[in-house]
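Asker: Chains R and C are the protein sequences, given in the same order. Residue 25 in UniProt numbering sits at position 25 of the first sequence, and the numbers go up by one each step. Residue 89 in UniProt numbering sits at position 89 of the second sequence, and the numbers go up by one each step. Where is the CB? At the ideal position from N, CA and C, for every residue including glycine. Keep in mind it's a predicted model, so treat the numbers as computed, not measured. Quick one: structure below, then a few questions.
Protein chains: 2
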Amino acid sequence: MADPALPRRRRRRTAAAGDPARVFAALGEPARLRIVSRLCDAGPLSIARLTEGARVSRQAVTKHLHALEQAGLVQGGRAGREQIWALRPERLGDAQRYLDRISQQWDEALQRLQAFVEDDGPA
Amino acid sequence: MADPALPRRRRRRTAAAGDPARVFAALGEPARLRIVSRLCDAGPLSIARLTEGARVSRQAVTKHLHALEQAGLVQGGRAGREQIWALRPERLGDAQRYLDRISQQWDEALQRLQAFVEDDGPA
DNA sequence: TGGATACGCAACCATATGGTTGCATATTGT
DNA sequence: ACAATATGCAACCATATGGTTGCGTATCCA
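Next comes the structure, spelled out in structure tokens:
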């Protein structure tokens, strides 16, 4: 990590890996999804910087950041008088893998259906 | 702006592909995520069948199904006195691709950071 | 036909959620 | 020290959300 603002690993109170709904819920709010997106391609940003691009107040942004933190998607740390928030891509990976898994289940279900049709279907 | 001269696009009640937050919000409710998961590996199910596995009332399940429909994740149809709901995997694919995209942005940001460190960093 | 099954609709309720404003605190820089 | 900046905290508010119950309707089947 190049950013000295990021504190040491603080793994508390964040969503467990086996809680995909929490991550999806966090991403399900347009303002929050935007924050995640911005952190994704701009790197760690302060609350003030994040508020610049948003249409809501600083406090609203702060609340969203806390929600994202609860979901394990972002992590914050202080740098002087600023609080810097950074993306934490692990949970995004979790969400991806979850979608992959149920998509695969869907494909398997389709295959089972095909097998059933071939077996029992119209002669 | 929609030019009135252009052929009108089919207006859908369901979420547009470019509305990932809506899909994530739909998946962000544990009960709904469970419904999606069940439809994924069990195939189309009636409301009664879906209610069997749920801890909430049939009406709650119905509401969730409507929410999922709004997000474009499921589609319902009648079969006699039953209403059958089926998964609609396209939106899941959209969500997957969205996560892929921002994950990739994150990777590119990391690479930019590395390039910056190599260029300007401690000699 | 009549009962059982499957569902839709509407009203209602408690809480969660997203947003705001006001004010206090800490940090920076002159 | 002082003003400006960046943030935290708490109260407050309107609406959305998830859940329930009650009741009416359609369909299946004996």
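Count the C-beta pairs between the region 64-84 of chain C and the region 71-81 of chain R that are closer than 8 Å, then say yes if the count reaches three, no if not.
Answerer: Touching, no, given that fewer than three Cβ pairs across the two stretches are closer than 8 Å.
Asker: Any chance the region 64-74 of chain R sits against the region 97-117 of chain R, with 3 or more Cβ pairs inside 8 Å?
Answerer: As far as the Cβ criterion goes, the region 64-74 of chain R does not touch the region 97-117 of chain R, which means the pair count is below three.
Asker: Would R:A31 pass as a contact of R:H64 if the rule is Cβ separation under 8 Å?
Answerer: Cβ atoms of R:A31 and R:H64: closer than 8 Å.
Asker: Taking the Cβ atom as the reference point for each residue, do R:L87 and R:L39 lie within a distance shorter than 8 Å?
Answerer: A contact, by the Cβ cut-off of 8 Å.
Asker: Which word fits R:G53, buried or exposed, when buried means at least 16 other C-beta atoms lie within 10 angstroms of its C-beta?
Answerer: R:G53 is exposed by the Cβ-count criterion.
Asker: What is the residue span of the alpha helix (DSSP H) that C:A48 lies within?
Answerer: Taken as a continuous stretch (DSSP letters only), the alpha helix (DSSP H) holding C:A48 covers I47 to E52.
Asker: In chain order, what residues of the region 105-116 of chain R put their CB closer than 9 Å to some CB of chain C?
Answerer: Hits within the stretch, in order: Q105, W106, D107, E108, A109, L110, R112 and L113.
Asker: Does the beta-carbon distance from R:S37 to C:I102 come in below 8 Å?
Answerer: In contact: R:S37 and C:I102 (Cβ atoms closer than 8 Å).
Asker: How about R:H66: is its C-beta nearer than 8 Å to some C-beta of chain C?
Answerer: Not an interface residue.
Asker: Is R:A54 close to chain C, meaning its C-beta is less than 8 Å from at least one C-beta of that chain?
Answerer: Judged by the 8 Å Cβ criterion, R:A54 is not in contact with chain C.
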